[in-house]
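Numbering (UniProt numbering), first residue to last: 1 to 704. Where is the CB? At the ideal position from N, CA and C, for every residue including glycine. The structure under discussion appears below in the form of structure tokens.
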């Protein structure tokens, strides 16, 4: 049966083997990055340290001074690696980098002193000073372990949640490594001796460390995790607090046992270590406890609640997408919620028709939000008052927000607390609804100013994104104009061919061969023009507005469309005469395109209805089919996007876009109601004109 020293030696030997394999893998995959080099050095020193401990456990042939040197260098190497990872994310953050450099220089100074064998030197001169020298060495190793644990905590705590899976195993592995060291040296410092069994047990326990580090190295070969630093380091020093509490309890227990002549028992050590570890994990994972701690510290230790320079840098990095890889509305919401310690919220953004759509929500149960809510009037109220809405204050005194009608579902103070308008040049582009904080605290001038400043920054990003989107559409139309040049060239060729037929017709009309050739030329021209018309449908030259009667226009279009299946049915009240002011060519093309699209989306056995009625001084035109329908996501994101066609090469993706833009230019509106597998209804509202109308015979046929 293996003795305990043999088991410890085997454990250390396996750690040396795994560390060597990790170092070899790092050499094979080395990319020249500094952090990779430091990890390679740390793995190499870990292998040497473990090999030396294995040899010492079996044969005790190595000098103790050599073990202490490797012990110190190993700890420093892992600290340097962690510090390098953290420094990658602190570029431009002078204060945080200053703290990190101070920790590194302190660790390096401690290790430099540990390399000197003070115990041997002092014992030769003053034998009684040996115990003091050993105690100082043990304290130094405790401090190195605490520095390592603090760095592990900072890296994990300040890593964005979407990247934590890349460094989770690294933090757990090195946290275990430094946690074991802390326990061993703290116990040795308080009992004035190193427990041989604990020292031997370090070998098997360290077996878990290297595989965890290797997993993280494989998941994140670039070691470029997306970190952001919290407001101040005092909020993230749970390790220091827990280590201090542990050492105090150990000291008190040791004093009590010494006073009562008791032996220092392993069970009591285990209870104290387990208790301190439980406290550490509880504080580390509890969002409520951390939030209360932040409020307490902000109230009692800081003149201002926020460090504005750090907050501004963080807001800018997150809104720009440097720290958050998400859509702009999502980045705005997450930035606002984290800025004032709200665990979630929702954001509504302005659409092309000046309505407001729910763009993103986070940490809100679906039933709490009214997704069908028409937020236009509410948004205009926010725009008018130009102030942050405190929902609790609104409940107490609504007169402070004149003309603002807050919907009942939003006044649920158990879940919601603030509404922040996002305004650009006094025009509201979006608004953010924030949930209640984990720990309630008053909304003072400092928080309001910070939110308003961040909202102005967010509005600039939203305005820029909208401008870039409009510019992209303009560039797409420029590409379309270039395509039109080729179309004009083809039309010129067709005109030339047909003109030649006309000129030769009088001379060769009795020639059968000429007649056959003429028919072939005409057929070819018709085929080419049909393809061109399909591409150009919905695009007509600009023209002046005129009075147009809708009923005769719809009768003519339905009659023409009756040549295709399914045949549309016109539903108009007898004697209804509705007059609108529009360009007749473009209006007829738009309606014809809607009917044609309905026929293409509906099989021959389906039904298509074209309805016309008057509502509130507007002509309401509906084209309804029983076709394949469209999803809400498609309608919101793709239907009205130019050059985004579902018909492949047969369509140019501008029909619905041209329809909406034309109707909006007339002062009207376009709404689409659709259910996949049931059908679609396009609803167009156009303001009525107040004058007689031109007859349909005066309306020329459009190219479509």
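Backbone secondary structure at residue i - three-state DSSP
| i | result |
| --- | --- |
| residue 231 | Only weak support exists for where residue 231 lies, its pLDDT of 37 falling under 50; the value from the coordinates is given anyway. Coil, per DSSP. |
| residue 610 | strand |
| residue 669 | strand |
| residue 361 | strand |
| residue 564 | coil |
| residue 663 | helix |
| residue 405 | coil |
| residue 13 | helix |
| residue 680 | strand |
| residue 694 | For residue 694, the pLDDT reaches just 42, beneath the cut-off of 50, and the residue's location in the model is therefore unreliable, leaving the point undetermined. |
| residue 377 | helix |
| residue 203 | helix |
| residue 47 | helix |
| residue 121 | helix |
| residue 236 | Here the model assigns residue 236 a pLDDT of 48, short of 50, so the residue's position is not dependable, and the following value carries that caveat. In the structure shown, residue 236 sits in a helix (DSSP, three-state: H, G or I). |
| residue 327 | coil |
| residue 344 | coil |
| residue 626 | coil |
| residue 570 | strand |
| residue 264 | In this prediction, residue 264 scores a pLDDT of 48, lower than 50, which makes its location untrustworthy; no coordinate-derived value is stated. |
| residue 517 | helix |
| residue 159 | strand |
| residue 576 | coil |
| residue 19 | helix |
| residue 126 | coil |
| residue 554 | helix |
| residue 533 | helix |
| residue 538 | Note that residue 538 has pLDDT 49, beneath the 50 cutoff, so the model's placement of it is unreliable and the number below is only indicative. Looking at residue 538 - three-state DSSP - the assignment turns out to be coil, as it is neither helix nor strand. |
| residue 448 | helix |
| residue 303 | Because the pLDDT of residue 303 is 47, which lies under 50, any placement of that residue in the model is unreliable, and the question is left without a value. |
| residue 705 | Here the chain covers residues 1 to 704 and nothing more, so residue 705 does not appear. |
| residue 605 | coil |
| residue 167 | helix |
| residue 321 | coil |
| residue 336 | helix |
| residue 3 | coil |
| residue 285 | With a pLDDT of 48 at residue 285, under the threshold of 50, the modelled position of that residue is not reliable, and the figure given next carries that caveat. Correct three-state label for residue 285: helix. |
| residue 641 | coil |
Among the options, nearest to residue i - alpha-carbon criterion
| i | options | result |
| --- | --- | --- |
| residue 606 | 680, 188, 346 | 680 |
| residue 55 | 10, 94, 190, 74 | 10 |
| residue 429 | 206, 351, 575, 4 | 351 |
| residue 616 | 685, 665, 384, 171 | 685 |
| residue 673 | 433, 639, 137 | 639 |
| residue 383 | 403, 426, 632 | 426 |
| residue 431 | 88, 393, 380 | 380 |
| residue 25 | 689, 218, 658 | 218 |
| residue 17 | 185, 137, 209 | 209 |
| residue 357 | 349, 637, 114 | 349 |
| residue 310 | 146, 94, 499, 354 | 94 |
| residue 585 | 448, 579, 553, 614 | 553 |
| residue 117 | 71, 107, 98, 452 | 71 |
| residue 347 | 328, 633, 341, 340 | 328 |
| residue 375 | 366, 173, 363, 359 | 359 |
| residue 612 | 313, 581, 575 | 575 |
| residue 48 | 341, 120, 15 | 15 |
| residue 568 | 583, 579, 598, 545 | 598 |
| residue 462 | 213, 499, 424, 325 | 424 |
| residue 556 | 506, 610, 573 | 610 |
Beta-bridge partners of residue i, as assigned by DSSP
| i | result |
| --- | --- |
| residue 687 | 618 |
| residue 350 | 356 |
| residue 424 | 427 |
| residue 674 | 680 |
| residue 547 | 581 |
| residue 706 | The structure shown does not extend to residue 706, since the chain is modelled only from 1 to 704, so the question has no answer here. |
| residue 435 | 416 |
Check: residue i C-beta below 8 Å from any heavy atom of the ligand SAH
| i | result |
| --- | --- |
| residue 613 | Absence of the ligand SAH is noted for the structure shown, with no ligands found whatsoever. |
I want to know whether the stretch 622-632 touches the stretch 664-683 - three or more CB-CB distances under 8 Å.
yes
Report yes or no: do the stretch 579-596 and the stretch 558-568 share at least 3 C-beta pairs separated by less than 8 Å?
yes
Does the stretch 546-554 come close enough to the stretch 505-523 that 3 or more CB-CB pairs lie under 8 Å?
no
Which full runs of the alpha helix (DSSP H) of 4+ residues lie inside the stretch 38-118, going along the chain?
64-88, 94-114
State whether the stretch 122-133 contacts the stretch 47-63, with contact taken as three or more CB pairs (one from each stretch) at a distance under 8 Å.
Taking a contact to require three or more Cβ pairs closer than 8 Å, the stretch 122-133 and the stretch 47-63 do not qualify as touching.
Counting beta carbon pairs with one atom in the stretch 73-92 and one in the stretch 144-152, are three or more of them shorter than 8 Å?
yes
Are the stretch 318-336 and the stretch 443-463 touching, with three or more C-beta to C-beta distances below 8 Å?
yes
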